[in-house]
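Notes to accompany the following structure.
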Amino acid sequence: MPELSIVHAEESQIPIISSVESTQHLEIETAALKEGLELLRSLEREPTGLPPYMTTNVEKCKESINKIFKTTFNLIQARRAGTITTDEHSRTKILLLKDAGQTLKRYLIVYHHERLNRIRKITRNTCGILGQSLKANMSKNEQTFAEKYYRLYIDFENDVTSNNGLKLLTNNSPPKLEYYYYRCKEDYGEYELADGNIIIIKRGLIHHMPKENAETLLRSGIVEQVHM
Numbered sequence: 001m002p003e004l005s006i007v008h009a010e011e012s013q014i015p016i017i018s019s020v021e022s023t024q025h026l027e028i029e030t031a032a033l034k035e036g037l038e039l040l041r042s043l044e045r046e047p048t049g050l051p052p053y054m055t056t057n058v059e060k061c062k063e064s065i066n067k068i069f070k071t072t073f074n075l076i077q078a079r080r081a082g083t084i085t086t087d088e089h090s091r092t093k094i095l096l097l098k099d100a101g102q103t104l105k106r107y108l109i110v111y112h113h114e115r116l117n118r119i120r121k122i123t124r125n126t127c128g129i130l131g132q133s134l135k136a137n138m139s140k141n142e143q144t145f146a147e148k149y150y151r152l153y154i155d156f157e158n159d160v161t162s163n164n165g166l167k168l169l170t171n172n173s174p175p176k177l178e179y180y181y182y183r184c185k186e187d188y189g190e191y192e193l194a195d196g197n198i199i200i201i202k203r204g205l206i207h208h209m210p211k212e213n214a215e216t217l218l219r220s221g222i223v224e225q226v227h228m
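Each residue of the sequence shown is one higher than the last, beginning at 1 in UniProt numbering.
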């Protein structure tokens, strides 16, 4: 999962750029970056669920990125054409504009990536059944993604588990015990397992049991591990 530590960025670090020397309006309002920060804060406030999709904030960030790109492009062109001075001042403006645009892009990427990760998990846990309250918090694209993801997930599970009975939706944790096959090398009689079950140790028989149950028998040379 993407790190959300960027949420804690100090608002004082948000760049504010203005120019009184250029004919272009180069001021970048802090509002755009605040909108981006609020996207990540919404995820931080609700770390396990899916908060409402913030359409307004997303659109404002996208508009600001486009505006920053156009302003930066025009400024670079003006430097090349010699219509503004190619000093350190104008170079700094370009770098700050670029940093502001990249920061907004990162906000959008982290926001959407984290939401999709949560949607994947929720979809698996609910077997693809999304309630109306959950759908209300999702964008149309997210709802479409959830439906397609679950169909692909089920198809993959059916392909993988068609013969061995493994269910990815339920068997999603590693086994607590290691099971192996053991062949009996001699007649021993009844043997009690850790769970209380009784098995018969008879020469030639093969048992499938947890490793911890076979350790004593292995050390005694009564059984041997085999690969099936």
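All C-beta atoms, glycine included, are put in the ideal place defined by N, C-alpha and C. Since the model is a prediction, treat every value here as computed from it, not as a measurement.
Check your understanding: How long is the line joining the alpha carbons of Ala31 and Leu96, rounded to whole angstroms?
Key -> Looking up residue 31 in the sequence shown gives position 31. Looking up residue 96 in the sequence shown gives position 96. Approximately 16 Å, taken between the alpha carbons.
Review point. What distance in whole Å lies between the Cβ atoms of Leu218 and Tyr111, which are believed to be in contact at a cut-off of 8 Å?
Key: Translated into positions along the sequence shown, residue 111 becomes position 111. Translated into positions along the sequence shown, residue 218 becomes position 218. In this structure Tyr111 does not touch Leu218 by the C-beta definition: roughly 54 Å separates them, more than the 8 Å allowed.
Practice item. For Tyr150, I'd like the list of residues in its chain whose CB is within less than 6 Å of its CB, leaving aside the five on either flank, ordered along the chain. Key: In the sequence shown, the residue the question calls residue 150 occupies position 150. Taking Tyr150 as the centre and dropping the five residues before and after it, the same chain places the C-beta of Thr123 and Gly128 closer than 6 Å to its C-beta, in chain order.
Exercise for review: Note down, in chain order, each residue of its chain lying with its Cβ closer than 8 Å to the Cβ of Glu38, except the 5 sequence neighbours on either side.
Suggested key: Numbered from its first residue, the sequence shown carries residue 38 at position 38. Scanning its chain for C-beta atoms nearer than 8 Å, with the 5 sequence neighbours on each side dropped, one finds around Glu38 the residues Met54 and Asn57, in chain order.
Review point. Quick check: the segment 209-223 against the segment 178-194, are there 3 or more CB pairs under 8 Å?
Key: They touch, by the three-pair rule.
Practice item. Would you kindly check if the distance between the Cβ of Arg118 and the Cβ of Leu50 is under 8 Å? Key: As a first step, residue 50 must be located in the sequence shown, where it is residue number 50. As a first step, residue 118 must be located in the sequence shown, where it is residue number 118. Yes, the pair counts as a contact, with Cβ atoms nearer than the cut-off.
Check your understanding: Cβ of Glu142 within 8 Å of Cβ of Arg115?
Key -> Locating residue 142 in the sequence shown gives position 142, where the first residue counts as 1. Locating residue 115 in the sequence shown gives position 115, where the first residue counts as 1. Contact: yes.
Check your understanding: Starting from Ile109 and walking both ways along the alpha helix (DSSP H), at which residues does that stretch end?
Key -> The residue labelled residue 109 in the question sits at position 109 within the sequence shown. Taken as a continuous stretch (DSSP letters only), the alpha helix (DSSP H) holding Ile109 covers Glu88 to Asn125.
**Study point:** Of the residues Gln132, Asn125, Asn158 and Met209, the one placed nearest Tyr182, counting alpha carbons only
**Key:** Sequence index remark: in the sequence shown, residue 182 carries index 182 (1-based). Among Gln132, Asn125, Asn158 and Met209, the Cα nearest to that of Tyr182 is on Met209.
Check your understanding: Rounded to whole angstroms, how far is the Cβ of Lys211 from the Cβ of Tyr180, which I believe are closer than 8 Å?
Key -> On the sequence shown, residue 211 is found 211 positions in, with the first residue counted as 1. On the sequence shown, residue 180 is found 180 positions in, with the first residue counted as 1. Going by Cβ atoms, the distance from Lys211 to Tyr180 rounds to 6 Å, so yes, they are a contact pair.
Check your understanding: When the Cα atoms are used, what is the spatial distance from Cys61 to Gly36?
Key -> Locating residue 61 in the sequence shown gives position 61, counting from the first residue. Locating residue 36 in the sequence shown gives position 36, counting from the first residue. When only Cα atoms are considered, Cys61 and Gly36 end up about 6 Å apart.
Check your understanding: Would a C-beta distance cut-off of 8 Å place residue 232 and Ser139 closer than the cut-off?
Key -> Any property of residue 232 remains undetermined from this structure, which presents the chain solely from 1 to 228.
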